[in-house]
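Peer 1:
And the structure:
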């Protein structure tokens with residue numbers, strides 16, 4: 183017998199959902215790793231990166247011990263540092279990159295840190311990556327102008343791409359091969375730029391020269407070193423240099439940067455290649471190009487100091503170009519005082535160029551910019567001083583206000599002011615009477631009552647004497663005026679005592 187097909191049976195599937203209430207602020211990103219099927223991570227604006235293990239039941243509250251990275255107190259002046267993104271390397275799952283609310287992308291090694299409760303400081307980052315010009319914003323207090331928004335590892339795990347708010351996306355080499363340490367001016371140099379040239383040369387020698395390969399270093403110490411034969415470039419470097427010069431002439435600055443970068447990679451000991459690439463950076467004018475141009479100028483000056491023999495003549499021309507382009511790079515970076523100091527140093531070194539109209543106008547422009555900045559700082563200082571004075575006065579008034587209120591309340595307690603009758607009639611008339619001891623008040627009231635009774639009795643007796651004719655008018659008036667004077671004297675004495683007590 184043939185079987186009849188049955189109708190399909192539908193089953194309702196209820197998804198399993200778990201809600202985690204661990205972050206105090208918005209969660210910016212959730213990350214998973216294929217090699218860790220039971221783990222996932224979340225980054226929030228409360229400055230924490232949390233690690234969740236689905237095999238553990240107690241990780242759903244804020245106080246759970248699943249905080250992997252805590253940057254709540256790692257911001258400027260110990261403030262909050264928000265976490266904008268998180269990524270785990272697929273090739274090396276122990277590496278975690280965190281995009282923070284400042285110019286730096288921090289790379290942590292999960293093997294060196296563990297989960298803990300909120301409020302515990304995190305182990306120091308393994309790497310702290312940033313574009314060379316962004317730390318200058320951090321030192322100037324303008325970190326909000328450019329902060330990292332996302333970070334992502336490459337499939338091989340040797341590159342890290344970071345995007346920035348208000349800036350470009352940058353690629354960092356996390357393996358250290360070919361890594362170029364960013365040249366960041368020290369804080370004392372950025373604010374007091376008179377020693378900028380020397381400090382920049384030292385920084386370039388300490389950071390940029392380490393990029394040269396060991397073969398180039400060994401060759402530089404030999405008699406036939408590239409430092410002495412730098413006038414003759416390798417074929418690849420010569421071709422890239424010609425292509426870069428052509429691109430500069432045709433105003434294709436991006437191509438010029440690429441060509442001179444290839445020439446620098448082929449002949450990293452030639453200072454003239456760095457000065458030409460600095461010119462390409464300055465002409466292109468993208469965000470951060472001025473910082474790269476400044477680093478190339480510093481690198482060229484460091485190489486000039488080590489050049490000798492046949493390369494000295496070529497190095498002299500490269501030094502002049504590097505020092506002049508250093509001024510323009512500092513001007514584009516907004517470091518007018520540093521640029522003015524470098525320009526004055528350039529004019530002292532090359533007096534024949536001091537009469538140039540271009541340099542004179544540049545000097546006047548930088549001086550005007552420095553004066554404007556000093557005026558803005560003076561106004562800002564005056565505003566801060568005025569604000570401090572107003573704040574101090576407000577605090578003083580707040581401190582004195584409770585004292586004044588207490589005195590006013592005490593006076594109100596000492597004074598008895600009965601409310602006015604609401605019926606419209608005047609009612610009994612009251613005066614301001616200071617509180618006195620009860621016995622004294624009773625004595626005063628008795629005296630007033632006795633005076634009124636005596637006055638009324640005297641008046642009545644006087645009129646009776648008039649009617650009976652026993653006294654003449656002069657005697658009656660004299661008697662009346664005497665008693666009235668006594669009563670007035672008593673009332674005046676009482677009022678004087680009340681006024682003295684009120685005072």
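In my numbering, the protein residues as written are 183 to 685.
Beta carbons: idealized from backbone N, C-alpha and C, even for Gly.
Between the Cα of residue 530 and those of 311, 506, 449, 243, spot the shortest distance and give me the residue it belongs to.
Peer 2: Closest by alpha carbon: 506.
Peer 1: Measuring only the C-alpha atoms, how far is residue 548 from residue 500?
Peer 2: If I take the Cα positions, the gap works out to 24 Å.
Peer 1: Closest to residue 278 by C-alpha separation, out of 251, 299, 210, would be which residue?
Peer 2: For the residues 251, 299, 210, the minimum Cα distance to residue 278 belongs to 251.
Peer 1: Can you tell me which of 341, 551, 636, 415 puts its alpha carbon nearest to the alpha carbon of residue 444?
Peer 2: The candidate whose alpha carbon is nearest that of residue 444 is 415.
Peer 1: Quick one: what does DSSP say residue 459 is sitting in, helix, strand or coil?
Peer 2: Reduced to three states, the DSSP call for residue 459 is helix.
Peer 1: Ordered along the chain, which non-local residues of its own chain (more than five positions away) have a Cβ less than 6 Å from that of residue 425?
Peer 2: Result list for residue 425: 441, in chain order.
Peer 1: Using three-state DSSP, classify residue 215 as helix, strand or coil.
Peer 2: Strand.
Peer 1: Report buried or exposed for residue 455, applying the criterion of at least 16 other Cβ atoms within 10 angstroms of its Cβ.
Peer 2: Classification for residue 455: buried.
Peer 1: Which residues does DSSP list as the beta-bridge partners of residue 309?
Peer 2: Answer is 289.
Peer 1: Thinking residue 287 and residue 308 are a contact (beta carbons under 8 Å), I'd like their distance in whole angstroms, please.
Peer 2: With 8 Å as the limit, residue 287 and residue 308 do not qualify as a contact, their Cβ atoms being about 12 Å apart.
Peer 1: Taking DSSP as the reference, what is the three-state secondary structure of residue 449?
Peer 2: Residue state, collapsed to three classes: coil.
Peer 1: Do you know offhand how far residue 318's Cα is from residue 469's?
Peer 2: Using only the alpha carbons, I get a separation of about 13 Å.
Peer 1: With the cut-off set at 8 Å, would you say residue 273 and residue 338 are in Cβ contact?
Peer 2: Yes.
Peer 1: What distance in whole Å lies between the Cβ atoms of residue 263 and residue 226, which are believed to be in contact at a cut-off of 8 Å?
Peer 2: Between residue 263 and residue 226 the Cβ distance is about 12 Å, and since that is not below 8 Å, they are no contact.
Peer 1: Can you tell me which residues form a DSSP beta bridge with residue 342?
Peer 2: Note: residue 342 sits in a beta bridge opposite 335, 354.
Peer 1: Could you give the distance in angstroms between the alpha-carbon of residue 242 and the alpha-carbon of residue 515?
Peer 2: When rounded, the distance between both Cα atoms is 47 Å.
Peer 1: Please confirm whether residue 511 and residue 472 have their CB atoms less than 8 Å apart.
Peer 2: Yes, Cβ-Cβ distance for residue 511 and residue 472 is below 8 Å.
Peer 1: At a Cβ threshold of 8 Å, is residue 537 touching chain C?
Peer 2: Here there is only one protein chain, and chain C is not present.
Peer 1: Does the beta-carbon of residue 423 have 16 or more other beta-carbons within 10 angstroms, so that it is buried, or is it exposed?
Peer 2: The residue in question, residue 423, is buried, as its Cβ has 16 or more Cβ neighbours within 10 Å.
Peer 1: Would you mind giving the Cβ-Cβ distance between residue 256 and residue 344, rounded to the nearest angstrom? I have them listed as a contact below 8 Å.
Peer 2: That pair is no contact at about 17 Å.
Peer 1: Using the DSSP secondary-structure output, state which residues sit across from residue 267 in a beta bridge.
Peer 2: DSSP lists 281 as partners of residue 267.
Peer 1: Look at the Cβ atom of residue 328, then the Cβ atom of residue 316, and state whether they are nearer than 8 Å.
Peer 2: Yes, they are a contact pair.
Peer 1: In whole angstroms, what separates the C-alpha of residue 466 from that of residue 447?
Peer 2: Spanning the two alpha carbons is a distance of roughly 20 Å.
Peer 1: Between residue 291 and the rest of its own chain, which residues show a CB-CB distance below 7 Å, the 5 nearest in sequence each way excluded?
Peer 2: Around residue 291: 276, 277, 308.
Peer 1: DSSP has residue 226 in a bridge; who is on the other side?
Peer 2: Looking at the DSSP assignment, residue 226 forms a beta bridge with 209.
Peer 1: Which word fits residue 201, buried or exposed, when buried means at least 16 other C-beta atoms lie within 10 angstroms of its C-beta?
Peer 2: Classification of residue 201: exposed, given that the 10 Å Cβ count is below 16.
Peer 1: Would you check if the segment 473 to 484 and the segment 519 to 529 touch, i.e. whether three or more CB-CB distances between them fall below 8 Å?
Peer 2: At 8 Å Cβ cutoff, the stretches do not touch.
Peer 1: Counting C-beta neighbours from all protein chains within 10 Å, is the total for residue 299 16 or more, i.e. buried, or is it exposed?
Peer 2: By the 10 Å Cβ count, residue 299 comes out exposed.
Peer 1: Among 296, 209, 502, which one has its Cα closest to the Cα of residue 235?
Peer 2: If we check each option's Cα against that of residue 235, 296 comes out closest.
Peer 1: By DSSP's criteria, residue 231 is part of a beta bridge. Which residues make up the other side?
Peer 2: DSSP lists 225, 251 as partners of residue 231.
Peer 1: What residue range does the alpha helix (DSSP H) around residue 202 cover?
Peer 2: Where residue 202 is concerned, there is no enclosing alpha helix (DSSP H), given that its DSSP letter is neither H nor E.
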